[in-house]
Amino acid sequence: MKSGDATTINIAETSGGSKGKAAAAPTIVATTKATKHAAAGWKRGIAIFDFILRLFAIAAALAATTTMGTTDQTLPFFTQFFQFQASYDDLPAFTFFVVANAIASGYLVLSLPFSIVSIVRPHAIGARLLLLVFDTVMVSLTTAGAAAAAAIVYLAHNGNASANWIAICQQFDDFCQRISGAVVASFIAAVIFMLLVVLSGLALRKH
Numbered sequence: 004m005k006s007g008d009a010t011t012i013n014i015a016e017t018s019g020g021s022k023g024k025a026a027a028a029p030t031i032v033a034t035t036k037a038t039k040h041a042a043a044g045w046k047r048g049i050a051i052f053d054f055i056l057r058l059f060a061i062a063a064a065l066a067a068t069t070t071m072g073t074t075d076q077t078l079p080f081f082t083q084f085f086q087f088q089a090s091y092d093d094l095p096a097f098t099f100f101v102v103a104n105a106i107a108s109g110y111l112v113l114s115l116p117f118s119i120v121s122i123v124r125p126h127a128i129g130a131r132l133l134l135l136v137f138d139t140v141m142v143s144l145t146t147a148g149a150a151a152a153a154a155i156v157y158l159a160h161n162g163n164a165s166a167n168w169i170a171i172c173q174q175f176d177d178f179c180q181r182i183s184g185a186v187v188a189s190f191i192a193a194v195i196f197m198l199l200v201v202l203s204g205l206a207l208r209k210h
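Just add 3 to wherever you are in the sequence shown, counting from 1, and you've got our numbering.
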């Protein structure tokens with residue numbers, strides 16, 4: 004019979020004595036507590052790693068947002084009435100990049116309490132499933148923003164003779180360095196989101 008997490012197995016044995024009396028049946032107890040504790044242990048470890056990765060993702064996404072959002076450069080000329088200026092909001096791709104990474108940063112901050120719930124209650128499915136869904140959405144959003152910005156950064160560095168697009172990084176060197184760094188930070192955030200999706204999938208496994 005079963006009681007709680009323990010399973011009791013009775014095995015009857017007969018004695019070969021002169022009176023033919025049956026000997027007392029030994030009892031074997033098999034418990035599932037150790038298995039449950041082991042499962043909770045590795046799931047809690049995944050949840051802790053998930054929380055740490057979210058902190059790194061916040062740093063990467065915020066760095067990408069603030070770096071791109073504060074990037075502009077004005078070339079000095081003889082008069083203040085004739086100047087060349089490059090700013091991130093001159094190009095829609097960079098504006099989309101800032102918005103996408105800002106949304107990702109805000110989501111990551113809001114996801115921290117759910118990640119903590121997964122640490123405290125490693126078998127909770129609701130919080131982990133919610134994180135899996137939104138992490139998948141954030142993978143698409145951050146990847147799209149980073150890819151769009153990367154295409155413009157490439158043109159800024161190399162230009163395109165067929166489209167008559169000249170390279171501007173020889174003049175706007177500081178501008179190009181900052182937008183390149185922002186794109187790298189955004190791709191790092193996208194990779195971390197991919198890892199978070201994998202971790203959530205592992206944590207949702209039954210075994």
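Glycine included, each C-beta is placed from N, C-alpha and C at the ideal position.
Grouping DSSP H, G and I as helix and E and B as strand, with all else coil, what is residue i?
{"i": "Ser165", "result": "coil"}
{"i": "Ser108", "result": "helix"}
{"i": "Gln173", "result": "coil"}
{"i": "Thr70", "result": "helix"}
{"i": "Ala159", "result": "helix"}
{"i": "Ala154", "result": "helix"}
{"i": "Ala127", "result": "coil"}
{"i": "Ala28", "result": "With a pLDDT of only 48 at Ala28, under 50, the local geometry of the prediction cannot be trusted, and the value read off the model is given with reservation. Correct three-state label for Ala28: coil."}
Identify which residue in the options has its Cα closest to the Cα of residue i.
{"i": "Thr70", "options": "Ile195, Leu198, Ser189, Ala193", "result": "Ser189"}
{"i": "Ala50", "options": "Ile119, Ala62, Leu135", "result": "Ile119"}
{"i": "Gln281", "options": "Tyr157, Asn167, Ile195", "result": "Nothing can be reported for residue 281: it is not among the residues displayed for the chain, which extend from 4 to 210."}
{"i": "Phe100", "options": "Ala170, Val200, Gly72", "result": "Gly72"}
{"i": "Ala60", "options": "Leu132, Thr74, Ser90, Asn104", "result": "Asn104"}
{"i": "Leu113", "options": "Ser183, Leu58, Thr145, Ala166", "result": "Leu58"}
{"i": "Ala170", "options": "Arg124, Ala89, Asp53", "result": "Ala89"}
{"i": "Leu198", "options": "Lys46, Asp53, Gly48, Gly162", "result": "Asp53"}
{"i": "Ala185", "options": "Ile55, Leu115, Thr74, Ala164", "result": "Thr74"}
{"i": "Ile182", "options": "Lys46, Ile55, Gln76", "result": "Gln76"}
{"i": "Lys46", "options": "His126, Ala159, Leu115, His160", "result": "His126"}
{"i": "Leu144", "options": "Ala193, Gly44, Trp168", "result": "Ala193"}
{"i": "Phe175", "options": "Asn161, Ser165, Val123", "result": "Asn161"}
{"i": "Gly44", "options": "Leu56, Val123, Tyr91, Asp92", "result": "Val123"}
{"i": "Met141", "options": "Ala159, Asn163, Val102", "result": "Val102"}
{"i": "Leu115", "options": "Leu56, Gly48, Phe178", "result": "Leu56"}
For residue i, count neighbouring C-beta atoms within 10 Å of its own C-beta (all shown protein chains included) and say buried if the count is 16 or more, exposed if not.
{"i": "Ala26", "result": "Per-residue confidence for Ala26 stands at a pLDDT of 47, beneath the threshold of 50, marking its modelled position as unreliable; no derived number is given."}
{"i": "Gln173", "result": "exposed"}
{"i": "Ala131", "result": "The sequence given here has Arg at residue 131, not Ala. Counting Cβ neighbours within 10 Å, Arg131 comes out buried, since at least 16 surround it."}
{"i": "Ser121", "result": "buried"}
{"i": "Gly129", "result": "exposed"}
{"i": "Gly148", "result": "buried"}
{"i": "Leu1", "result": "The structure shown does not extend to residue 1, since the chain is modelled only from 4 to 210, so the question has no answer here."}
{"i": "Ile195", "result": "buried"}
{"i": "Thr164", "result": "Residue identity check: residue 164 is Ala in the sequence provided, not Thr. Ala164 comes out exposed."}
{"i": "Ala166", "result": "exposed"}
When the cut-off is 8 Å and only beta carbons count, does residue i lie next to chain D?
{"i": "Tyr110", "result": "In the structure shown, chain D does not exist; there is a single protein chain."}
Counting pairs of Cβ atoms below 8 Å between the region 57-67 and the region 99-113, do you hit three or more?
-> Result yes; three or more Cβ-Cβ pairs closer than 8 Å.
Touching by the beta-carbon criterion (3+ pairs, under 8 Å), the region 85-101 and the region 150-164 = The region 85-101 and the region 150-164 touch, with no fewer than 3 CB-CB distances between them shorter than 8 Å.
Would you be able to state if there are at least three C-beta pairs under 8 Å between the region 128-143 and the region 190-210?
-> Yes, the region 190-210 is in contact with the region 128-143.
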